[in-house]
Structure formats: C-alpha cells, structure tokens
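Data block below; observations after.
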Amino acid sequence: MAVQTQRKLFTVDDYYKMAEVGILAPEDRVELIHGEIIQMSPIKSFHSSVVDDLHEMLVLLLHGQAIVKCQNPLSIDSHSEPEPDLTIAKFQTHKYRHQHPRPEDVHFLIEVADTTLQKDRKIKLPLYAEAGIPEVWIVNLKNNTVEVYTNPVDRGYQELKTLKSGEILHVEVLDFELEVERIFG
178 MAVQTQRKLF
188 TVDDYYKMAE
198 VGILAPEDRV
208 ELIHGEIIQM
218 SPIKSFHSSV
228 VDDLHEMLVL
238 LLHGQAIVKC
248 QNPLSIDSHS
258 EPEPDLTIAK
268 FQTHKYRHQH
278 PRPEDVHFLI
288 EVADTTLQKD
298 RKIKLPLYAE
308 AGIPEVWIVN
318 LKNNTVEVYT
328 NPVDRGYQEL
338 KTLKSGEILH
348 VEVLDFELEV
358 ERIFG
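Residue numbers (my numbering): 178 to 362.
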C-alpha cells in the first residue's frame with residue numbers, strides 16, 4: 178500500500194513572512210516557484226561575470242527605454258516569485274520601487290545557465306511561458322550559445338532560435354541588436 182503525502186504550498190505572503198521572522202535568512206539563496214521554496218545554485222565566477230557584463234551592456238543600450246533588473250524578484254502570481262538573472266521591464270519613472278515587476282511589465286527575461294541549464298529549461302521556462310512572458314533568453318555557458326524563446330503557449334514556447342558567435346540578437350520591441358560574441362567576451 179502506497180503512502181500518499183500532501184505538500185504544503187506557500188504563497189508569496191507566506192514566503193515574505195518566513196523571511197521576516199528569520200526562517201529564511203538573507204544569505205539563503207532561494208526562490209518561490211509554484212508554491213515551493215527552491216534552493217538556487219551557487220553562482221560561479223564566469224556566470225557572475227556574464228550577468229554583470231550583460232547588465233552593464235543592457236543598461237547602456239536601453240537607458241530611458243526600459244528598466245534592467247539584475248537578480249531581483251518577478252511577481253508572477255500568488256505562488257511564484259522567481260529571480261531571473263536579468264529582467265528587462267517596461268520603463269517606469271518610479272523604477273518599480275513600490276512593487277516588483279509583474280509578467281505584463283516584462284519585455285524579456287534572461288537566464289544565464291551553466292549548472293542551472295536543466296532547471297532553467299524544465300522548471301523556469303514553462304513558468305515564464307505560462308505567465309505570458311513574451312521572450313526569454315537562456316545564455317548557455319556550456320556551449321556559448323543564446324537560446325531565444327518566443328511566442329509563449331501554455332507551458333512552453335512555440336519558437337526557439339539558437340544563436341552562436343558571429344550572429345546577432347534582434348529585439349524588435351525595443352529596437353536594438355546585440356552581437357552574441359559580446360556576451361561571451
């Protein structure tokens with residue numbers, strides 16, 4: 178006879194209360210996905226460097242057009258608040274001081290992946306599609322490519338374009354281009 182267990186799913190409010198009372202410490206690298214508190218992987222130096230470089234490039238390229246948020250929460254719904262490596266959100270003068278960006282605020286997201294590649298593809302990508310995030314880049318550090326996912330449906334994306342060094346990323350909604358080799362140095 179199989180024993181069934183029930184999971185306790187947490188809301189974003191529960192998640193914040195746990196942080197307030199010290200159950201979750203500031204140094205705990207966790208995010209809330211579908212009501213579950215998920216441990217985030219340690220950040221390796223190459224991953225950190227690529228995120229920093231991309232952040233700097235995008236802030237300069239998109240100044241006055243969009244807000245580039247680095248490893249900050251995205252309020253998807255009452256049970257999910259992931260922390261993408263980069264969120265490129267619609268420009269607002271208050272720069273999201275009073276609330277985190279929501280899916281409708283997002284132009285596109287970037288996840289930089291090395292050890293997190295499978296998690297980003299199998300857990301986070303479906304979450305982003307379900308939320309209607311129009312475009313997601315997975316910067317694949319294992320093979321120096323950028324996977325560009327567009328046209329979200331249900332729990333996936335209809336289109337995937339994989340770009341490598343020598344190719345150019347086009348972001349029509351913000352009217353800019355970025356050479357792939359600039360990402361990998």
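Yeah, the Cβ is synthetic: ideal placement off N, Cα and C, and Gly gets one too. Keep in mind that this is a model prediction, so the values were computed, not measured.
To the nearest angstrom, report how far apart residue i and residue j are at their CA atoms.
i, j, result
"I345", "E324", "12 Å"
"E258", "A179", "33 Å"
"R332", "Q295", "15 Å"
"G309", "Q181", "33 Å"
"E208", "L201", "11 Å"
"Y334", "I315", "13 Å"
"E312", "L239", "16 Å"
"P303", "R359", "28 Å"
"D229", "Q248", "10 Å"
"H275", "Q242", "19 Å"
"I287", "E260", "10 Å"
"F141", "Q183", "Lying outside 178 to 362, the shown extent of the chain, residue 141 is not represented and no answer is given."
"F187", "G343", "44 Å"
Per DSSP, residue i is paired with what?
i, result
"D254", "S257"
"H232", "None, per the DSSP bridge assignment."
"T317", "For the sequence presented, residue 317 should be read as Asn rather than Thr. For N317, which the question treats as bridged, DSSP gives the partners A290 and T322."
"A266", "I244 and V283"
"K338", "V325"
"F353", "V348"
"V207", "Q216"
Do residue i and residue j have their C-beta atoms within less than 8 Å of each other?
i, j, result
"V227", "L351", "no"
"F268", "V348", "no"
"R206", "M195", "no"
"L337", "V357", "no"
"L251", "H232", "no"
"H224", "V289", "yes"
"K272", "I244", "yes"
"K221", "D291", "yes"
"V198", "S255", "no"
"I214", "Y192", "yes"
"P278", "A266", "yes"
Around the C-beta of residue i, are 16 or more other C-beta atoms found within 10 angstroms, so that it is buried, or is it exposed?
i, result
"F297", "For the record, residue 297 in the displayed sequence is Asp; it is not Phe. That one is buried."
"K299", "exposed"
"K301", "buried"
"T293", "buried"
"D282", "buried"
"E204", "exposed"
"P219", "exposed"
"K246", "buried"
"L237", "exposed"
Shorter than 7 Å, the distance from the beta carbon of residue i to the closest heavy atom of the ligand HEM, or not?
i, result
"S255", "In the structure shown, the ligand HEM is absent, as is every other ligand, since no ligand is present at all."
With DSSP as the reference, label residue i as helix, strand or coil.
i, result
"Y273", "coil"
"H240", "coil"
"V227", "helix"
"L302", "helix"
"V180", "coil"
Would a check of beta-carbon distances place residue i closer than 8 Å to chain D?
i, result
"K319", "Absent here is chain D; the protein component of the structure consists of one chain."
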